[in-house]
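In the UniProt record's numbering, each residue's number is its place in the sequence shown (first place is 1) plus 7. Every residue, glycine too, gets a C-beta built ideally from N, C-alpha and C. From a predicted model like this one, the values you see are computed outputs, not experimental measurements. For reference, the structure is listed below as C-alpha cells.
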Amino acid sequence: GEQAEQVSSSWSVGVEAMTKVYPGGRRALDGVELAVKPGTFVVLLGPSGCGKTTLLRCIAGLERISAGRVLIGGDEVTHREPGDRGVAMVFQNYALYPTKTVLENIEYPLRMAKVPRQARRQRAREMTELLRLGPVMGSRPAQLSGGQRQRVGIGRALVREPDVLLMDEPLSNIDAELRGELRAEIRRLQRRSSTTTFYVTHDQAEALALADRLVVMRDGRIEQDGPPEQVYQEPATRFVASFLGGMNMLDLTGSQAVLPAQLRATLAEDRLGWLGVRPEDLRVVARPEEATGAELVLHGTVEGNELLGRERLMHFRTQGDQRARVRIHADQTVPAQITVVANSADLHLFDTAGRRLSG
Ligand code: ATP
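Structure below.
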C-alpha cells in the first residue's frame, strides 16, 4: 500500500572520512564519519563555524569534498551532480521564482519531474494548506513576509518527497510562535514520509525537539553522536555538556575540595579536570545545616539573575571563586549568601582533556 511504498523510498546516507578544505586553507570538515539509517531525522548542532552548513552542502554535492566518500541509498555519489543524488535542500535564504505565484512555486518541482497536471496541482495545494499558505496562494514572493517566503521554500523542497531532505536552519527567520508550529509540522511530515532528513541548527531546544539522532559538531569534527536523550544525559565531553543545556563546570584542577568524599575516593585524582552539574539539578537550601547528607554542597554569593518565565536562573560565585548558576522557581526568594546542593547521580565528571569520566 501507500505506507509501504513511502517507507521503501527512504534512503540511507553514509559519510566516510569526509574532509573539506576550502580554497585558502580553511579545514571546515576533518574526517567526518556518519552512517544514517533510512528514515532517520538527524540534527546537526554546534556553534557558528563548526562546519554544519559545509557538511550539508557536501552531502548535497554543492561543494566538492577534499577527501572521503558520500553514499546515498547504498550508491557512492561522491562525484555525482547535485541533481543526480536524490536530495533536496532547504536553505536559510530561498531563491523563489519572482514571477510565479506561491502555488506555482510549490508546484514547479513536480512539473520538472513530469508529474501529471492534475496530480501535481492537488499535491501542491495540499502542501500549501499544510504550511498555512492557503490565503496567499495566488500572491507573488515580493508580496510575502519573510516567514511566508521561508514556508514556500520548505513546501517546494517537501512537495517532491525527496529521498533525502537537507535543511539548513529553515526556521531561523520565523517568529517564535510560528516556529514551534512549523517545527511540529516538519516532524510530522518527515514521520509520515520516512524521509531521511538532516537538519542544521544552533538552537539546542530545536535540536532536542526534532532529533532521532543528535550530532554535535565542533571545529569540523563530530564531538558526540547519539539519541538526544543520551547526549543530554551523558554528554561525552565538557564541550557538549556546556553547549547543550548550559551545564555548570567547576574546575577541579586547583582544588578538589568540592567533590563529595565518596567520589574522591573512587577516582584517580590526577585525571580529574571538571565537575559538571546542570542548573536544574541544583537546589538552594534555606539553611546550610540542611545540606548535610547531600553529595555536593556549594556555598556562594549571588551575583545576579535572569527571569526565564516560571523559573529564574540565579548566578552565583562559589567560595572557591568559580561561577555557577542554579534554577529556582521565579517566586522563590533567596539570600545573598546561598548554599546549593545536588545528588551524586546528577554530577558529571570530566578529565583534564574534557572527556567524560563517570555516569
Ligand atoms: P553557521 O552556524 O555560522 O552557519 P556552520 O557551522 O554552518 O556555521 P560553516 O558555514 O560550514 O559553519 O563554516 C565552517 C568554516 O568554513 C567556517 O570557518 C567558515 O568561515 C568556513 N567557510 C565556509 N564557507 C567557506 C567558503 N566558501 N570559503 C572559505 N571558507 C569557508
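Residue pairing by DSSP places R220 opposite V49 in a beta bridge. In the DSSP assignment, F357 falls within the unbroken beta strand (DSSP E) covering 355-358. Rounded to whole angstroms, the gap between the alpha carbons of L215 and F246 is 17 Å. Apart from the 5 residues on each side of it in sequence, V341 sits with its Cβ closer than 8 Å to the Cβ of V291, V309, M321, I335 in its chain, given in chain order.
If you compare the alpha carbons of T359, E213, L257 with that of G53, the shortest gap goes to E213. Set against 7 Å, the gap from the CB of S55 to the closest heavy atom of the ligand ATP is smaller. Classified as buried, P242 has 16 or more neighbouring CB atoms from the shown chains inside 10 Å of its CB. Between M134 and V109, the beta carbon gap of about 10 Å keeps them out of contact (Cβ cut-off 8 Å).
A74 and L63 have their C-alpha atoms roughly 15 Å apart. By the Cβ-count criterion, M254 is buried, with 16 or more other Cβ atoms from all chains shown falling within 10 Å of its own Cβ.
In the DSSP assignment, F250 falls within the unbroken alpha helix (DSSP H) covering 245-250. Collapsing the DSSP output to three states places Q344 in a strand.
Here G154 has N180, I181, D182, L185 as same chain residues with Cβ atoms under 7 Å from its own Cβ, once five neighbours each way along the sequence are excluded. Bounds of the alpha helix (DSSP H) holding A67 are 59-67. The ligand ATP has no heavy atom closer than 7 Å to the beta-carbon of T26. If you look at N112, you'll find it in the alpha helix (DSSP H) that goes 109-119. Burial is judged here by how many other beta carbons sit within 10 angstroms of a residue's own beta carbon; D91 has fewer than 16 and is exposed. DSSP places A164 in the uninterrupted alpha helix (DSSP H) bounded by 153-165. With contact defined as three or more Cβ pairs closer than 8 Å, the region 225-240 and the region 39-56 are in contact. For the 8 Å CB-CB criterion, T208 and V20 do not form a contact. Counting only runs of at least 3 residues, the region 308-347 fully encloses the following beta strand (DSSP E) elements, listed from N- to C-terminal order: 318-325, 330-336. Under a 10 Å Cβ-count criterion, H86 is classified as exposed, with fewer than 16 other Cβ atoms of the shown protein chains found around its own Cβ. Judged by their CB atoms, V265 and L274 are not nearer to each other than the 8 Å cut-off. Buried is the label assigned to T61, since at least 16 other Cβ atoms lie within 10 Å of its Cβ.
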